[in-house]
Amino acid sequence: MHIRRSIMPKAWTDAAITSFLMCMMPIIFYFNMFVVYPHFHGLWSCLHILYLISGTFILWNLGTNLIMIILCDTSIERMLVPPNSSTNWNFCSKCKMYVPPRSWHCKICNICILKRDHHCKFSSCCIGHYNHRYFLAFVFYMFISSIYLSLYDLCFIYDVVGFDVWITFVKVAFPLSLFFFPVTLNDLYLFALFFTSYASSFSFALLCFHMKNLIENRTLLEKHPECLVYDRGRLNNVKDIFGERWYFVWISPFIESKLPQDGVHWILNNLGKIE
Ligand SMILES: [Zn+2]
Ligand SMILES: [Zn+2]
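Numbering (UniProt numbering), first residue to last: 1 to 275.
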């Protein structure tokens, strides 16, 4: 794997969001594993240990996939072929060179990204050809963990805090309102519920949106019908992102899975070949 030359966030909002996410993941893990689950199943019971093992596996996948998104260089710096001014390569006035099809310049990263999808605030970098796999695995684990945790948190708060006071609803719906009330331990529980329920709905929307693009082999920027030339059937489209061993990559980001395309030269479907 090519490592990015500079992994430091280029915008303060990116730095704030990435730091917040990296801090919240272990906090939410600890809260659920050692406060919420023991409340229902007892500390160190068989069920608690089972949750602990599965939770650790998911947290490890979330953390390592996020780190891999950040470390993996998916910019034109890793191109092994010389810039080509012929046919469908575009000239980037910022990078001052010809870049391959599907590459676009990111204003924040200040470089062209191979098969650029979007700039991700959670990882403070762009999602492109080489780190798309880690991004989708991260969103997938974020969804299954947060939907599960938010349901548990809801039951826990119903038991411990109760929903019979109107202030509780205000605090869950508008977490910033916590600044106007004296903060208690219960408020921290409410904030955890807000975080997990927000993460579950946001990751669900992201997952649905990106799955559609994955099936059609489109990026976020490729909305024009001409872009359908990259759609080579579902299995090939899946391999273009997850690699030849696409069925194993969900276990760990460290599992090798060679991508069939290099992010520079693209195999087109019959639609593209006719053109
Ligand atoms: Zn550029
Ligand atoms: Zn970017």
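The C-beta atom is built at its ideal place from N, Cα and C for all residues, glycine as well. These numbers come from a predicted model, not from an experiment.
Here's a check: name, in chain order, each residue in its chain whose Cβ is nearer than 7 Å to the Cβ of N88, leaving out the five neighbours to either side.
By one-based count along the sequence shown, residue 88 stands at place 88. Listed in chain order, the non-local C-beta contacts of N88 below 7 Å within the same chain comprise P101, local neighbours out to five positions each way being set aside.
My understanding is that C109 touches S103, with C-beta atoms under 8 Å, so please give their C-beta distance in whole angstroms.
Within the sequence shown, numbered from 1, the residue matching residue 109 stands at position 109. Within the sequence shown, numbered from 1, the residue matching residue 103 stands at position 103. 12 Å between Cβ atoms; not a contact.
V160: buried (16+ other C-beta within 10 angstroms of its C-beta) or exposed?
The residue you call residue 160 lines up with position 160 of the sequence shown. Its Cβ having fewer than 16 others within 10 Å, V160 is exposed.
Beta-carbon proximity check, L193 vs S146, cutoff 8 Å
As a position in the sequence shown, residue 193 is number 193, starting the count at 1. As a position in the sequence shown, residue 146 is number 146, starting the count at 1. Not in contact: L193 and S146 (Cβ atoms no closer than 8 Å).
M24 to F191, Cα distance in whole Å?
The residue labelled residue 24 in the question sits at position 24 within the sequence shown. The residue labelled residue 191 in the question sits at position 191 within the sequence shown. Spanning the two alpha carbons is a distance of roughly 11 Å.
Proximal residues to R5 (C-beta, below 6 Å), its chain only, five neighbours per side dropped
Start at 1 with the first residue of the sequence shown, and residue 5 comes out as number 5. So the list is empty, once near-sequence residues are dropped.
Among the residues of its own chain, which have a CB less than 6 Å from the CB of L268, if the five just before and after it don't count?
Indexing the sequence shown from 1 puts residue 268 at position 268. Same-chain partners within the cutoff: V229.
Using C-beta distances below 6 Å, list every residue in its chain close to W246, excluding the 5 sequence neighbours before and after it, in chain order.
Start at 1 with the first residue of the sequence shown, and residue 246 comes out as number 246. For W246, where only same-chain residues beyond five positions count, the Cβ hits under 6 Å are V238, K239.
If I measure Cβ to Cβ from F248 and keep anything under 8 Å in the same chain, skipping five residues before and after, which residues do I get?
Here residue 248 corresponds to residue number 248 of the sequence shown, with the count starting at 1. Excluding residues within five positions, the ones whose Cβ falls inside 8 Å are I255, S257.
What span of residues does the beta strand (DSSP E) with N90 cover, start to end?
Position 90 of the sequence shown, counted from the start, is the residue given in the question as residue 90. Taken as a continuous stretch (DSSP letters only), the beta strand (DSSP E) holding N90 covers 90 to 92.
Assign E222 to one of two classes, buried (16 or more other C-beta atoms within 10 Å of its C-beta) or exposed (fewer than that).
As a working mapping, residue 222 is identified with position 222 in the sequence shown. Its Cβ being crowded by 16 or more others within 10 Å, E222 is buried.
Return yes when the C-beta of H105 is under 7 Å from any heavy atom of ligand 1, and no when it is not.
Mapped onto the sequence shown, residue 105 falls at position 105. Yes, ligand 1 has a heavy atom inside 7 Å of this Cβ.
Just the Cα atoms here: how many angstroms apart are M22 and G263?
Taking the sequence shown and counting its residues from 1, the one referred to as residue 22 is at position 22. Taking the sequence shown and counting its residues from 1, the one referred to as residue 263 is at position 263. Here the alpha carbons of G263 and M22 stand approximately 29 Å from one another.
Closer than 7 Å: is that where the CB of C155 sits relative to any heavy atom of ligand 2?
Taking the sequence shown and counting its residues from 1, the one referred to as residue 155 is at position 155. Because no heavy atom of ligand 2 lies under 7 Å away, the Cβ of C155 does not count as near it: no.
Identify the residues that DSSP records as bridge partners of I113: which are they?
Numbered from its first residue, the sequence shown carries residue 113 at position 113. Beta-bridge pairing links I113 to S75, W104.
Alpha-carbon spacing of Y152 relative to V36, whole angstroms:
The residue you call residue 152 lines up with position 152 of the sequence shown. The residue you call residue 36 lines up with position 36 of the sequence shown. Answer to the nearest angstrom: the Cα atoms are 7 Å apart.
Using a Cβ-Cβ cutoff of less than 6 Å, which residues in the same chain neighbour F143 once the five nearest sequence positions on both sides are dropped?
By 1-based counting over the sequence shown, the position of residue 143 is 143. The beta carbon of F143 sits closer than 6 Å to those of S203, F204, L207, all from its chain and outside the five residues before and after it, given in chain order.
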